[in-house]
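Residues in the sequence shown are numbered from 1316 upward in steps of one, following my numbering.
No residue lacks a Cβ here, since even glycine has one placed at the ideal position from N, Cα and C.
Just so we're clear, the structure is a prediction, and the values are computed from it rather than from any experiment.
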Amino acid sequence: MKKFILYTFLFSISLSKAFAQDDLMKMLEDETKNDKKKKDYATATFKTTRLMNGHTIENAAAGVLDFKVSHRFGMINSGSYQLFGLDQASMRMGLDYGISDRLMVGVGRSTFQKQYDAFGKFKILRQSTGGRRSSPISVSAVSTVMLKTLKWEDPKIKNYYTSRLSYAHQLIIARKFSEGVSFQLMPSFIHTNLAKTSTEPNDIFALGAGGRIKLTKRLSFNVEYYHVLPISLVEGEDYMITGTKNSLAIGFDIETGGHVFQLHFTNSTGMTEKNFITETTGDFFKGDIHFGFNISRVFTIKNMNKKKKK
């Protein structure tokens, strides 16, 4: 009888251990499944919402206002009389605001062609790992309207307000390969309501490419290039404006607290898509280079995290 009780006791202990082990295995399996369901999104693909001239994949966060000041000086090869371009400058001031984490809007005013611009930028897809559906890339769409307010070249003829308008539509396709390397493509379409001549195109297609290499925690090297594509929608029209060149820019991003300083060299003077993609006249490799900089300062207008916690 004593042996029976002893065997029963030992069997009960071994059985409870087996059940405990099964419960532990189930907990580990559930934890692994939960980890797989969690999505990790790529962040800080670029340091700010502008690469140099054009947009990056980045948006201002929800409730954040981004104040930008951009300068492009004259050509460095203009000589000492113009202080190598420092006596001449074009400027753009802009305000970008994050309506949500996916949607950003912005407005700006440039001294070049006395131009106003407004844009909307929507993040369609975010690069992610984990979860049921991961994505190797991020995709955003940007649409911009630009208004040139220079005086009419010939005020005697009938001029229409709509002739001042131009539009740009872009897709931004980006990938963050590592903490130090990011790359993006920018297929672009620019429409100008009024062309200067019958052979000058109203519609221009271009493909942009840009990259970032992180050198230190707060310093990165950037490259940006836009190539006008040989596509013409109207027979007899050129595919690009006569005398123009493709836009190229190289430079550095320097992050200091809430500011991002961007120092760069480019052959483009204007700072809107119509200007730097379709109207660049300088040849970068012949010394027609402008030194320029962008300054970005962000302000939190609405703290969306508090609303989410509520």
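Query - Reduced DSSP secondary structure (H/G/I, E/B, other) of Phe1580 - result: Position 265 of the sequence shown, counted from the start, is the residue given in the question as residue 1580. Note: Phe1580 maps to strand in three-state DSSP.
Report task. For Thr1593, count neighbouring C-beta atoms within 10 Å of its own C-beta (all shown protein chains included) and say buried if the count is 16 or more, exposed if not. Result -> On the sequence shown, residue 1593 is found 278 positions in, with the first residue counted as 1. It counts as buried.
Requested in this report: Compute the beta-carbon to beta-carbon distance between Ser1385 and Asn1609, rounded to the nearest angstrom, for a pair I have assumed lies under 8 Å.
Outcome: As a working note, residue 1385 is residue 70 in the sequence shown. As a working note, residue 1609 is residue 294 in the sequence shown. The Cβ separation is near 5 Å, so the contact holds.
Requested in this report: Counting only the same chain and skipping the five closest in sequence on each side, list residues whose C-beta sits under 7 Å from that of Ser1372.
Outcome: Counting from one through the sequence shown, the residue named residue 1372 turns up at place 57. The displayed chain sequence assigns Ile, not Ser, to residue 1372. If we look at Ile1372 and ignore the five residues flanking it on each side, its Cβ neighbours are Thr1360, Phe1361, Ser1453, Ser1455, Ile1487, Ala1489 and Gln1499.
Query - Segment contact flag, the segment 1413–1429 with the segment 1390–1400, C-beta cutoff 8 Å, min 3 pairs - result: no
**Report entry** Tyr1431 - partner residues in DSSP beta bridges
**Finding:** One-based indexing of the sequence shown puts residue 1431 at position 116. DSSP lists Arg1424 and Leu1462 as partners of Tyr1431.
Requested in this report: Could you tell me how far apart the beta carbons of Arg1523 and Ser1503 are, in whole angstroms, since I believe they sit closer than 8 Å?
Outcome: Counting from 1 along the sequence shown, the entry for residue 1523 is found at position 208. Counting from 1 along the sequence shown, the entry for residue 1503 is found at position 188. With the sequence shown as reference, residue 1523 is identified as Gly, and Arg is not the correct amino acid for it. Sure, about 6 Å apart at Cβ, within 8 Å.
Report task. Within 10 angstroms of the Cβ of Asn1618, are there 16 or more other Cβ atoms? Answer buried if so, exposed if not. Result -> By one-based count along the sequence shown, residue 1618 stands at place 303. Counting Cβ neighbours within 10 Å, Asn1618 comes out exposed, since fewer than 16 surround it.
Query raised in the report: Closest to Gly1558 by CA distance: which of Phe1520, Val1379, Tyr1431 and Asp1598 is it?
Result: What you label residue 1558 is simply residue 243 of the sequence shown in a count that begins at 1. Selected option, being the one with the closest Cα: Asp1598.
Requested in this report: Classify Asn1590 as helix, strand or coil using the three-state DSSP reduction.
Outcome: As a working mapping, residue 1590 is identified with position 275 in the sequence shown. Three-state DSSP puts Asn1590 in a helix.
Query raised in the report: Do you know whose CA, among Tyr1396, Arg1387 and Ser1393, lies nearest Met1406's CA?
Result: If you number the sequence shown from 1, residue 1406 lands on position 91. Measuring from the Cα of Met1406, the nearest candidate turns out to be Arg1387.
Query - Runs of beta strand (DSSP E) wholly within the segment 1359–1391 (minimum 3 residues, chain order) - result: 1379–1390
**Report entry** Alpha carbon of Lys1318 to alpha carbon of Asp1355, nearest angstrom
**Finding:** As a first step, residue 1318 must be located in the sequence shown, where it is residue number 3. As a first step, residue 1355 must be located in the sequence shown, where it is residue number 40. Here the model assigns Lys1318 a pLDDT of 49, short of 50, so the residue's position is not dependable and the matter cannot be decided.
Query - Three-way DSSP call (helix, strand, coil) for Tyr1412 in this model - result: Within the sequence shown, residue 1412 is the residue found at index 97, counting from 1. Of the three classes helix, strand and coil, the one that applies to Tyr1412 here is strand, per DSSP.
Query raised in the report: In chain order, what residues of the same chain have a beta carbon less than 6 Å from the beta carbon of Ala1357, not counting five sequence neighbours either side?
Result: Locating residue 1357 in the sequence shown gives position 42, counting from the first residue. So the list reads Gln1442 and Lys1491, once near-sequence residues are dropped.
**Report entry** DSSP three-state assignment for Gln1635, whether helix, strand or coil
**Finding:** One cannot answer for residue 1635 here, as it falls past the ends of the chain, which runs 1316 to 1625.
Requested in this report: Determine the closest residue to Phe1382 out of Lys1589, Gly1413, Lys1353 and Asp1469, with distance taken between C-alpha atoms.
Outcome: Along the sequence shown, one-based indexing puts residue 1382 at 67. Of the candidates Lys1589, Gly1413, Lys1353 and Asp1469, the one whose C-alpha sits nearest the C-alpha of Phe1382 is Gly1413.
**Report entry** Where Arg1612 falls: helix, strand or coil (DSSP)
**Finding:** Along the sequence shown, one-based indexing puts residue 1612 at 297. Arg1612 falls in the strand class under three-state DSSP.
Requested in this report: Give the range of the beta strand (DSSP E) segment to which Val1272 is assigned.
Outcome: For the chain, the structure presents residues 1316 to 1625; residue 1272 sits outside this window and is missing.
**Report entry** Continuous beta strand (DSSP E) stretch holding Ser1497: start and end
**Finding:** On the sequence shown, residue 1497 is found 182 positions in, with the first residue counted as 1. Counting along the chain, the beta strand (DSSP E) containing Ser1497 begins and ends at Val1496 to Thr1507.
Query raised in the report: Helix, strand or coil: which one does DSSP assign to Tyr1476?
Result: Locating residue 1476 in the sequence shown gives position 161, where the first residue counts as 1. In this structure, Tyr1476 counts as helix in the three-state DSSP scheme.
Query raised in the report: When the Cα atoms are used, what is the spatial distance from Phe1591 to His1506?
Result: For the purposes of this step, residue 1591 is identified with residue 276 of the sequence shown, where counting begins at 1. For the purposes of this step, residue 1506 is identified with residue 191 of the sequence shown, where counting begins at 1. About 14 Å.
Requested in this report: Take Phe1576 and list the residues in its own chain whose beta-carbon comes closer than 7 Å to its own, dropping the five residues that flank it on each side.
Outcome: The count along the sequence shown starts at 1 and reaches residue 1576 at position 261. Taken in chain order, the residues that qualify are Ile1569, Phe1608 and Ile1610.
Query raised in the report: So what's Asp1350 in DSSP terms, helix, strand or just coil?
Result: Here residue 1350 refers to the residue found at position 35 of the sequence shown. Summary for Asp1350: the model assigns pLDDT 49, below 50, so the residue's position carries little reliability, and this model does not support an answer.
Query raised in the report: Considering only C-alpha positions, which residue in the set Tyr1540, Asn1368, Arg1527 and Thr1512 is nearest to Ala1521?
Result: Start at 1 with the first residue of the sequence shown, and residue 1521 comes out as number 206. Taking only the C-alpha atoms, the option nearest Ala1521 is Tyr1540.
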